[in-house]
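Residue numbering for the sequence shown is 0 to 210, as defined by numbering that gives the first Met the number 0. One structure is given below, encoded as structure tokens.
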Amino acid sequence: MKWETFAPQFRGDVAAFAARRGLTPWEVWYAPYDEAVYAFVLARLGAEDVVLDIGAGDFRLALAAAGKVRKVYAVEVHPSLVADFLSRQGSRLPANLQVICGNALDFPMPPDVTAGVLLVRHSRRFATFFARLRAGGAERLFTSARWHMGVEVVNLQAPRVRFEAAPPGWYACACGAVGFKEPPSWRGSFSETVHEVSDCPQCRLSKEHEA
Ligand SMILES: C[S@@+](CC[C@H](N)C(=O)[O-])C[C@H]1O[C@@H](n2cnc3c(N)ncnc32)[C@H](O)[C@@H]1O
0 MKWETFAPQF
10 RGDVAAFAAR
20 RGLTPWEVWY
30 APYDEAVYAF
40 VLARLGAEDV
50 VLDIGAGDFR
60 LALAAAGKVR
70 KVYAVEVHPS
80 LVADFLSRQG
90 SRLPANLQVI
100 CGNALDFPMP
110 PDVTAGVLLV
120 RHSRRFATFF
130 ARLRAGGAER
140 LFTSARWHMG
150 VEVVNLQAPR
160 VRFEAAPPGW
170 YACACGAVGF
180 KEPPSWRGSF
190 SETVHEVSDC
200 PQCRLSKEHE
210 A
């Protein structure tokens, strides 16, 4: 099956388009999520929030968020998606919605962002966006990029325990890896809370790979 058949933004050579932006064809895949995912995010945004929507797709969430929050920066790499949205909006485009057409990896982090949105389940850039948002002082990240299903709210400023010191049970790491730390004995109990960690086994593997 051709990409264009089920992903209409892929007009032309998607591989060349993605390569010119330093991305893979897989990364520039567009598909919307369920309404429940958008409703989950919108219910947790407040009037004082400034949102950075990374990979805004057809801008449906960015537009709805602009009706609730102080400001939205919405970054989408694909010109066709951006052009379609802007032509549909015309002069109705809300003043507090800034539309940026480009690779979000090249977009300097605005200093006023309180909440990031990375609803890109197949993104491999979680660690980069996590680090940038955290360093910029943002509080929360709504994302599907770590568990690859549903949507979670990551508390960006929460302290993280080193993997070694974390109790047995589920963990999610600043690098984007998730997993289950086995207890020393399966007779014991483990917490169902997901522990936010750093320096997980995947981090170590990546460092070894880079060395
Ligand atoms: C699975 S779609 C989801 C769209 C939107 N977040 C939503 O939930 O409706 C992923 C979108 O992210 C865009 N994207 C992926 N990586 C990007 C990047 N580095 N910069 C800007 N846009 C990106 C793709 O072009 C695609 O439109």
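The beta carbon of each residue, even a glycine, is placed where N, CA and C say it ideally should be. Treat the numbers as computed from the prediction; the structure is a model and nothing was measured.
What does a CB cutoff of less than 8 Å around residue i pick up in its chain, not counting 5 residues either side in sequence?
| i | result |
| --- | --- |
| PHE5 | At PHE5 the pLDDT is 49, less than 50, meaning the model places this residue with poor confidence; the figure from the coordinates comes in the next sentence. Excluding residues within five positions, none has a Cβ falling inside 8 Å. |
| LEU155 | GLY115, PHE129, LEU132, ARG133, ALA137, GLU138, ARG139 and LEU140 |
| PRO31 | GLY56, ASP57 and ARG59 |
| GLU181 | PRO167 |
| THR192 | GLY168 and TRP169 |
| PRO183 | PRO167 |
| ARG91 | none |
Less than 6 Å between C-beta atoms, sequence neighbours within five positions excluded: which residues of the same chain meet that for residue i?
| i | result |
| --- | --- |
| PHE172 | In the sequence under discussion, the amino acid at residue 172 is Cys, which differs from the Phe named in the question. These residues qualify, in order along the chain: VAL196 and CYS199. |
| PRO93 | ALA65 |
| PHE179 | TRP169 |
| VAL153 | LEU140 |
For residue i, which residues does DSSP report across the bridge?
| i | result |
| --- | --- |
| MET117 | The identity of residue 117 in the sequence shown is Leu, whereas the question assumes Met. LEU117 pairs with THR142. |
| PHE179 | TRP169 |
| GLN97 | TYR72 |
| GLU195 | ALA171 |
What is the C-beta distance between residue i and residue j, in whole angstroms, given that I count them as a contact (C-beta under 8 Å)?
| i | j | result |
| --- | --- | --- |
| ALA73 | ALA55 | 4 Å |
| HIS194 | PRO166 | 7 Å |
| ALA35 | VAL68 | 20 Å between Cβ atoms; not a contact. |
| PHE125 | THR142 | 7 Å |
| VAL71 | LEU104 | That belief does not hold up - the Cβ atoms of VAL71 and LEU104 are roughly 19 Å apart, past 8 Å. |
| ARG145 | GLU151 | 7 Å |
| ASP111 | VAL49 | 5 Å |
| LEU117 | VAL98 | That pair is no contact at about 17 Å. |
Can you list, in chain order, the residues of its chain with a C-beta nearer than 7 Å to that of residue i? Leave out the 5 residues immediately preceding and following it.
| i | result |
| --- | --- |
| ARG20 | VAL76 and ASN102 |
| GLN201 | CYS172, CYS174 and ALA176 |
| PRO78 | CYS100 |
From the options, pick the residue whose C-alpha is nearest to that of residue i; which is it?
| i | options | result |
| --- | --- | --- |
| MET148 | VAL177, GLY168 and ALA164 | VAL177 |
| GLU26 | THR142, PHE179 and SER122 | SER122 |
| ARG203 | PHE84, ALA18, GLU163 and ASP83 | GLU163 |
| GLY135 | LEU117, PRO107 and VAL153 | PRO107 |
| VAL119 | ASP33, ARG91 and ALA82 | ASP33 |
Sufficient close CB pairs (3 or more, under 8 Å) joining the segment 27-42 to the segment 50-67: Yes, since at least three Cβ pairs between the segment 27-42 and the segment 50-67 fall closer than 8 Å, the two stretches touch.
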